[in-house]
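Line order of the protein sequences matches chains A and B.
Everything in the first sequence is counted per our numbering, starting at 1 for the first residue and increasing by one.
Everything in the second sequence is counted per our numbering, starting at 184 for the first residue and increasing by one.
Reading through the structure tokens given below for one structure.
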Amino acid sequence: MFRAPIELVGVDTAGASPHNPVCVCSSPYIGAVVGPPIVENPALGRLVQALWRPTADVGDGSTFDAVGYEAISGQLVGGTTHFQKLAELWQNLNGIMKTQSLNETDRAIANELDERFLQATVDIEQNPVTAMEANLLAGKSPIAGFSNAAMDAADPQLGEEVESIEPLLECVAEVAEDAAGDL
Amino acid sequence: MNTPPTTVDEAVAQLRRGCPELSEVLDTIGAPGGDGVGLYTVFCDVLLPLIANVLTGGADQSFDRGFPGALDQEVDDRRDLIRRLYDVFEEWAVSPDRDIRDVVYIELLENGYTVLDVNRPDLTVDDLLRYAGPRLKAMRVAGPR
Chain A
1 MFRAPIELVG VDTAGASPHN PVCVCSSPYI GAVVGPPIVE NPALGRLVQA
51 LWRPTADVGD GSTFDAVGYE AISGQLVGGT THFQKLAELW QNLNGIMKTQ
101 SLNETDRAIA NELDERFLQA TVDIEQNPVT AMEANLLAGK SPIAGFSNAA
151 MDAADPQLGE EVESIEPLLE CVAEVAEDAA GDL
Chain B
184 MNTPPTTVDE AVAQLRRGCP ELSEVLDTIG APGGDGVGLY TVFCDVLLPL
234 IANVLTGGAD QSFDRGFPGA LDQEVDDRRD LIRRLYDVFE EWAVSPDRDI
284 RDVVYIELLE NGYTVLDVNR PDLTVDDLLR YAGPRLKAMR VAGPR
């Protein structure tokens, strides 16, 4: 299991409670929801359970931090990438926000989760080359799990960089093939 | 006879055949379909809460709160359903579609699952593998490739 070499952010946790989570992890998005929040709405609760896993050790154990690490470092979390999961569960959250009657607290948490989905997607958008490297390292299509928004944002940058990264992508693909052959 | 699914639609169709009791619930969440309702949502909304319910001996009620009355409450019936569900996972685990294998790996084998509602110890991967067959167990070692 990889550990994210991301600088830890120290914060005052004195005021933390299940309904008032504070940043206690490596997430660079201070002020956003970090750690699994307690919610009342069943659908939102199931989404929270899907987003945070108890033994995940990158960042705060969330899909957001896994994606951020993969996109920025080009390395894998748990042997694969989590871009597809991020994109699909963001759609899930949007559906919940549109169709569910959320109380004020749940609505606020849903908005903060929405912000973290956005930030993780921006991580991919801003680091398309390393995100593609991670996908290739996992043996996937380089753009696997890229959301439409991420693709739109990535296209111009990829257009500029495609020539320079071609040898790198070939190298990564060879390594991935060798690794697959060793299994 | 089951064969590994090549698309998400096939995977969900296989799930409906293997676990027909879940068809109505799958209809409720719109799976499979547009708007991002794919296998991660199926796991998130239906399968993991159901597995958690059975593995905690009925203590975790997330599934039943989401879909009240959708399934018989009888514990033995739910155990039988879970056994058939894990038979479906055996096919998904060797799907030629990497995305399908990835979902199985990430949702069942990468980490445990938090049972928030009852504040019980988290379900570990060993817990989640209690009903697993050989392909899932092999995937835990080899990864989703």
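By construction, the Cβ of each residue, glycine as well, lies at the ideal position given by its N, Cα and C atoms.
In the DSSP output, which residue or residues are listed as bridge partners for residue i?
i, result
"W52(A)", "S62(A)"
"L93(A)", "For L93(A), which the question treats as bridged, DSSP gives no partner whatsoever."
"T307(B)", "Paired residue(s): none; T307(B) is not in a bridge."
Would you please state the rounded distance, in angstroms, between the beta carbons of residue i and residue j? I believe it to be under 8 angstroms.
i, j, result
"G35(A)", "D60(A)", "5 angstroms"
"L238(B)", "E204(B)", "Not a contact, Cβ separation roughly 18 angstroms."
"P327(B)", "G79(A)", "7 angstroms"
"A144(A)", "T55(A)", "Not confirmed; about 24 angstroms, so no contact."
"L222(B)", "I265(B)", "No, L222(B) and I265(B) are not in contact; Cβ-Cβ is about 17 angstroms, not under 8 angstroms."
"L268(B)", "G201(B)", "7 angstroms"
"R281(B)", "K98(A)", "The pair is not a contact, with the Cβ atoms about 31 angstroms apart (cut-off 8 angstroms)."
"N236(B)", "R261(B)", "7 angstroms"
"F226(B)", "V286(B)", "7 angstroms"
Would residue i pass as a contact of residue j if the rule is Cβ separation under 8 angstroms?
i, j, result
"Y288(B)", "L311(B)", "no"
"T189(B)", "S278(B)", "yes"
"V67(A)", "I124(A)", "yes"
"T63(A)", "K85(A)", "yes"
"L89(A)", "L136(A)", "no"
"V195(B)", "L209(B)", "yes"
"G249(B)", "P42(A)", "yes"
"R46(A)", "D228(B)", "yes"
"D305(B)", "V298(B)", "yes"
"L319(B)", "V271(B)", "no"
"E70(A)", "A134(A)", "yes"
"A110(A)", "I96(A)", "yes"
"M132(A)", "P142(A)", "yes"
"G241(B)", "V220(B)", "no"
"E274(B)", "P215(B)", "no"
"L118(A)", "L44(A)", "no"
"T130(A)", "S147(A)", "no"
"N127(A)", "T224(B)", "no"
By the three-class DSSP mapping on this structure, what secondary structure does residue i have?
i, result
"Y296(B)", "strand"
"V24(A)", "With a pLDDT of 37 at V24(A), under the threshold of 50, the modelled position of this residue cannot be trusted; read the value that follows with caution. Correct three-state label for V24(A): coil."
"F2(A)", "Because F2(A) sits at a pLDDT of 36, beneath the cut-off of 50, its placement in the model cannot be relied upon, and the point is left open."
"T80(A)", "strand"
"I143(A)", "coil"
"Q100(A)", "coil"
"E257(B)", "coil"
"E40(A)", "coil"
"P232(B)", "helix"
"S73(A)", "helix"
"A321(B)", "helix"
"Q126(A)", "helix"
"Q119(A)", "helix"
"P340(B)", "Past the edges of chain B, shown from 184 to 328, lies residue 340(B), and the structure says nothing about it."
"Y29(A)", "A caution first: Y29(A) carries a pLDDT of 45, below 50, which makes its placement in the model unreliable, though a value can still be read off. The answer is coil: DSSP assigns Y29(A) none of H, G, I, E or B."
"N185(B)", "coil"
"A194(B)", "helix"
"C227(B)", "helix"
"L312(B)", "coil"
"D57(A)", "coil"
"R328(B)", "coil"
"D243(B)", "coil"
"A110(A)", "helix"
"A214(B)", "coil"
"A138(A)", "coil"
"F272(B)", "helix"
Taking 7 angstroms as the line, does the beta carbon of residue i fall inside it for any heavy atom of the ligand MN?
i, result
"L118(A)", "Absence of the ligand MN from the depicted structure is noted, as is the absence of any ligand whatsoever, leaving it without description."
Exercise. Using Cβ-Cβ distances below 9 angstroms, what residues of the stretch 120–140 of chain A are close to chain B?
Worked result: A138, G139 and K140
Exercise. When Cβ atoms are compared, which residues of the stretch 46–57 of chain A fall closer than 8 angstroms to chain B?
Worked result: R46, L47, V48, Q49, A50, W52, R53, P54, T55 and A56
Problem set entry | Against chain A: residues of the stretch 241–259 of chain B by CB proximity under 7 angstroms | S245, R248 and G249
Exercise. Of the residues that make up the stretch 262–292 of chain B, which ones have a beta carbon closer than 7 angstroms to any beta carbon in chain A?
Worked result: R281, D282, D285, Y288 and I289
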